[in-house]
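S.K.: In terms of the working numbering, the sequence shown opens at residue 11 and continues consecutively. This structure is in structure tokens; I'll ask about it shortly.
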Amino acid sequence: MDKLITQAKTIIKNHQLRLTKQRRSLIDLLVHQPDHYLDITMVDRLMRDMYPGISHNTIYRNLEEFEEIGLVEITQRSNCKAVKFSCEDGAHQHHHHFICQKCGRVQEIQMPKWPTNFYEQQLPGVQITGHSFELYGLCAQCAKEAGSK
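Okay, structure coming up:
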């Protein structure tokens with residue numbers, strides 16, 4: 011965990027962002043759940059409990075800045091957005107996730123490499139600049155618990 015916090019602080023400083031106490035707390039909160047997406051509304055509530063005067067805008071702006079510099083990953087769930095500490099650290103290749111819909115646990119999955127023009131052939135004239143691919147369901151533990159009820 012200390013390694014992740016040090017990594018986060020280095021990334022923030024390398025992007026000339028100030029490392030405020032609120033940003034440190036936000037990092038600590040996310041680093042303690044590195045393999046789970048947390049609902050952004052829950053993150054907002056926890057941060058506002060720690061810092062009653064902090065605005066929603068400040069929390070969301072910090073999360074957006076963290077996403078821009080690769081510190082966090084934000085995904086859209088069916089009813090809200092969720093955030094997790096990024097597993098991209100320079101050593102990881104681009105990858106995708108399986109996300110448990112019950113507990114929020116995240117597992118990396120590997121996808122086959124497609125020819126670069128695979129999608130362009132289906133969408134004539136477009137310029138693809140990126141993509142996102144996630145699988146959803148129940149992790150092994152949650153599936154086991156659901157089966158035992």
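Positions of the beta carbon are idealized from the N, C-alpha and C atoms, including for glycine. On a predicted model such as this, the values are computed, not experimentally measured, just so you know.
1. Inspect the CB distances between the stretch 115 to 127 and the stretch 59 to 73 and report whether three or more fall short of 8 Å.
2. Note down, in chain order, each residue of its chain lying with its Cβ closer than 7 Å to the Cβ of Ala-101, except the 5 sequence neighbours on either side.
3. Ignore the nearest five residues each way along the sequence and tell me which others in Ser-35's own chain have a CB closer than 8 Å to its CB.
4. Hey, quick one: how far does the beta strand (DSSP E) through Cys-110 stretch, first residue to last?
5. Three-state secondary structure (DSSP) at Ala-101?
6. Using the beta-carbon count (16 or more within 10 Å), is Glu-83 buried or exposed?
7. Quick check on this structure: which residue in Val-41, Pro-44 and Leu-73 has the alpha carbon closest to the alpha carbon of Asp-186?
8. Is it buried or exposed for Arg-28, if we count other Cβ within 10 angstroms and need 16 for buried?
9. Spatial neighbours of Cys-90 within its chain, please: CB distance less than 7 Å, with the 5 preceding and 5 following residues excluded, ordered by chain position.
10. Please work out which residues of its chain come closer than 8 Å, Cβ to Cβ, to Val-41, disregarding the five sequence neighbours upstream and downstream, and give them in chain order.
11. According to DSSP, simplified to helix, strand and coil, what is Gly-147?
12. Please specify which runs of the alpha helix (DSSP H), each continuous and at least 4 residues long, are wholly inside the stretch 26 to 63, giving them in chain order.
M.R.: Looking at the atomic coordinates:
1. no
2. Any answer about Ala-101 is weak, because its pLDDT of 44 lies below 50 and its placement is not dependable; what the coordinates show is given next. Cβ neighbours of Ala-101 beyond the five flanking positions: none.
3. Met-57, Met-60 and Tyr-61
4. 106 to 110
5. A caution first: Ala-101 carries a pLDDT of 44, below 50, which makes its placement in the model unreliable, though a value can still be read off. Ala-101 falls in the coil class under three-state DSSP.
6. buried
7. Residue 186 is absent from the structure shown; the chain starts at 11 and stops at 159.
8. exposed
9. Asp-49, Ile-50 and Thr-51
10. Met-11, Leu-14, Ile-15, Ala-18 and Phe-95
11. strand
12. 31 to 41 and 50 to 60
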